[in-house]
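**Student:** Chains as they are written, first to last, in the working numbering: chain A, 35 to 342; chain B, 74 to 266. One structure coming up, written as structure tokens, with questions to follow.
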């Protein structure tokens, strides 16, 4: 079998019109090549090769890797849900406090109600102590004499100069605590002789009348009047009476007893700064009094509480 | 720029200047062949890619019995690859108009141009394998052995494909001219360039 010959050379093998079309098409000469285009060829050859055939393989590898990781890796325990809600603070009118940041509160005076949600935390600093709460609700009340903490829910860690303790729901703490008052400083009841026969309101009228005078009867009347006022629960009146007595009779017969009564009352009222001043006055004015050492001990107990 | 091309065993086979010589000698006809094998693709771009392959596979090119046939073989593969890519782009609606370089001599006649257009339409329904053999044999003038080497197929397969390609092209050309005659009112003899 002989090899076929192109139609353009053997037009007899094919319809003339077909042979002519093919011969004409085949006879078109090509446009000469632009020799300068060779530089473009070299530039393309020098460019980094991107073998796009590797792309599907790469994608498949990545997918297989991801699938393998998803299948093989241990299922992690669900992460605990941690709420980072800010504490809810409800200040009483007149409360003085600042927050910076929201979890750190400086309470200078007044009352704050603080609710700390689960997962939250708050730190409260007062002039007397420091509180740390992880979760709970509590009340902090700061006065000149101290800080009262009342826990309503959860737990509150209370840090004082003397140590740390934990208060739980329903518990309260007051810092600084009221110191024990030595028995020797508690005044003995005294009775003004001029009003000894009077009773009730008549006695108070009698004592007031006698107190406005001078002399020993007046000193005795002022002291008994103050004591009765204290017994009646009228602390302000009693304080005024004792201070009036000391002002009028600073070296009177009963001035040590008046000073001690005023001191005890101020300590019980947690007015420690004033109590310290009264104690110092007593120590100066009654240095020879046998109770001076007890007064000094009480003063020393009061001083660190007053200056945290 | 001199670019030394080395075979994998270190033996120097072809320099870049050698490949450039092939580019100068066969570039024009290869570009025309590429435009016939992949009519919708920029033949100039394909030609550059062809010689990039030649530079990178200089050892195979240097070892080929016929560098021309080797270059045609790469051209056929590149054209087939670009045709597939073009079909894919058309499928996804991504086909964009591209600048197609002029590959035929500007001195061609009107008859030659009309014949090229008619033949291009006749080749369109052919399978890639038949069209490749037909183009290389009838239009590019490659002998059967060179086509077999270029395509990596037996010579007999070349002739078989050529036989079927010729039959299909002849029938298509006759069908096209008959349609043209019916629609234009001219005689078929008048229609044939």
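Every residue, glycine too, gets a C-beta built ideally from N, C-alpha and C. All figures in this text were calculated on a predicted structure; none of them were measured in a lab.
Going along chain B in order, which residues have a C-beta closer than 7 angstroms to the C-beta of residue 70 of chain A?
**Tutor:** Within chain B, no residue comes near residue 70 of chain A; the closest Cβ sits about 11 angstroms away, beyond 7 angstroms.
**Student:** Quick check: the stretch 177–185 of chain A against the stretch 208–220 of chain A, are at least 3 beta-carbon pairs closer than 8 angstroms?
**Tutor:** yes
**Student:** Considering only residues of the stretch 237–311 of chain A, which uninterrupted alpha helix (DSSP H) runs meet the minimum length of 4 residues and lie entirely inside it, listed in chain order?
**Tutor:** 250–265, 269–282, 289–302
**Student:** Where do the N-terminal and C-terminal ends of the beta strand (DSSP E) with residue 131 of chain A fall, by residue?
**Tutor:** Residues 130–133.
**Student:** Using only CA atoms, which one of A/136, A/205, A/58 lies nearest to residue 188 of chain A?
**Tutor:** A/205
**Student:** Could you give the distance in angstroms between the alpha-carbon of residue 101 of chain A and the alpha-carbon of residue 161 of chain B?
**Tutor:** 30 angstroms
**Student:** Give me the Cβ distance between residue 227 of chain A and residue 332 of chain A, rounded to the nearest whole Å; I'm assuming they're in contact under 8 angstroms.
**Tutor:** Residue 227 of chain A to residue 332 of chain A, Cβ: 31 angstroms. No contact.
**Student:** By the three-class DSSP mapping on this structure, what secondary structure does residue 114 of chain B have?
**Tutor:** Correct three-state label for residue 114 of chain B: coil.
**Student:** Would you decide whether residue 68 of chain A is buried or exposed? Buried here means 16 or more other CB atoms lie within 10 Å of its CB.
**Tutor:** exposed
**Student:** Would you tell me roughly how many angstroms separate the C-alpha atoms of residue 140 of chain B and residue 197 of chain B, rounded to the nearest one?
**Tutor:** 29 angstroms
**Student:** In whole angstroms, what separates the C-alpha of residue 226 of chain B from that of residue 236 of chain B?
**Tutor:** One C-alpha to the other measures close to 15 angstroms.
**Student:** How do the stretch 208–216 of chain B and the stretch 53–72 of chain A stand: do at least 3 beta-carbon pairs fall below 8 angstroms, yes or no?
**Tutor:** yes
**Student:** Cβ atoms of residue 150 of chain A and residue 138 of chain A: under 8 angstroms apart, would you say?
**Tutor:** 8 angstroms or more divides the Cβ of residue 138 of chain A from the Cβ of residue 150 of chain A.
**Student:** Can you name, in chain order, every residue of its own chain whose Cβ lies under 8 angstroms from the Cβ of residue 119 of chain B, other than the five neighbours on each side?
**Tutor:** Hits under 8 angstroms: 104, 107, 111, 148, 151, 152, 155.
**Student:** Are residue 320 of chain A and residue 290 of chain A close, meaning C-beta to C-beta below 8 angstroms?
**Tutor:** The answer is yes: Cβ separation under 8 angstroms.
**Student:** Which residues in the same chain as residue 142 of chain B place their Cβ atom closer than 6 angstroms to its Cβ, once the five residues preceding and following it in sequence are excluded?
**Tutor:** Only 219, 222, 223 meet the Cβ criterion.
**Student:** Between B/206, B/96, B/145, which has its C-alpha nearest residue 228 of chain B's C-alpha?
**Tutor:** B/206
**Student:** Let me know the secondary structure DSSP gives residue 41 of chain A once reduced to three states.
**Tutor:** coil
**Student:** Ends of the beta strand (DSSP E) at residue 95 of chain A?
**Tutor:** It is not in any beta strand (DSSP E) - residue 95 of chain A instead sits in the alpha helix (DSSP H) that spans 88–106.
**Student:** Terminal residues of the continuous alpha helix (DSSP H) containing residue 172 of chain A?
**Tutor:** No alpha helix (DSSP H) holds residue 172 of chain A; the beta strand (DSSP E) holding it covers 170–177.
**Student:** Chain B partners of residue 152 of chain A, CB-CB under 8 angstroms?
**Tutor:** Under the 8 angstroms cutoff, chain B gives no residues; its nearest Cβ is about 55 angstroms from residue 152 of chain A.
**Student:** Alpha carbon to alpha carbon, how far is residue 156 of chain A from residue 302 of chain A? Give it in angstroms, no decimals.
**Tutor:** 32 angstroms
**Student:** Determine whether the beta carbon atoms of residue 92 of chain B and residue 133 of chain B lie at a separation below 8 angstroms.
**Tutor:** 8 angstroms or more divides the Cβ of residue 92 of chain B from the Cβ of residue 133 of chain B.
**Student:** For residue 180 of chain A, which residues does DSSP report across the bridge?
**Tutor:** A/177
**Student:** Classify residue 177 of chain B as helix, strand or coil using the three-state DSSP reduction.
**Tutor:** strand
**Student:** For residue 90 of chain A, which residues in chain B fall below 9 angstroms Cβ to Cβ?
**Tutor:** Within chain B, no residue comes near residue 90 of chain A; the closest Cβ sits about 14 angstroms away, beyond 9 angstroms.
**Student:** Would you list the one or two residues that DSSP bridges to residue 166 of chain A?
**Tutor:** A/157, A/191
**Student:** Check whether chain A comes within 8 angstroms of residue 250 of chain B, counting only Cβ atoms and requiring the distance to be less than that.
**Tutor:** yes
**Student:** Against residue 343 of chain A, what residues of chain B qualify as contacts under a CB-to-CB distance less than 8 angstroms, listed in chain order?
**Tutor:** The question about residue 343 of chain A has no answer here: the residues shown for chain A are numbered 35 through 342.
**Student:** What in chain A is Cβ-close to residue 217 of chain B, meaning under 7 angstroms?
**Tutor:** Chain A residues near residue 217 of chain B: 37.
**Student:** How long is the line joining the alpha carbons of residue 154 of chain A and residue 121 of chain A, rounded to whole angstroms?
**Tutor:** Rounded to the nearest angstrom, the two C-alpha atoms are 7 angstroms apart.
**Student:** By Cβ distance, which residues of its chain are closer than 8 angstroms to residue 336 of chain A, with the 5 residues on each side in sequence left out?
**Tutor:** 213, 301, 306, 309, 310, 313
**Student:** Looking only at its own chain, which residues have a Cβ that is under 8 angstroms from the Cβ of residue 328 of chain A, when we skip the five neighbours before and after it?
**Tutor:** 216, 218, 219
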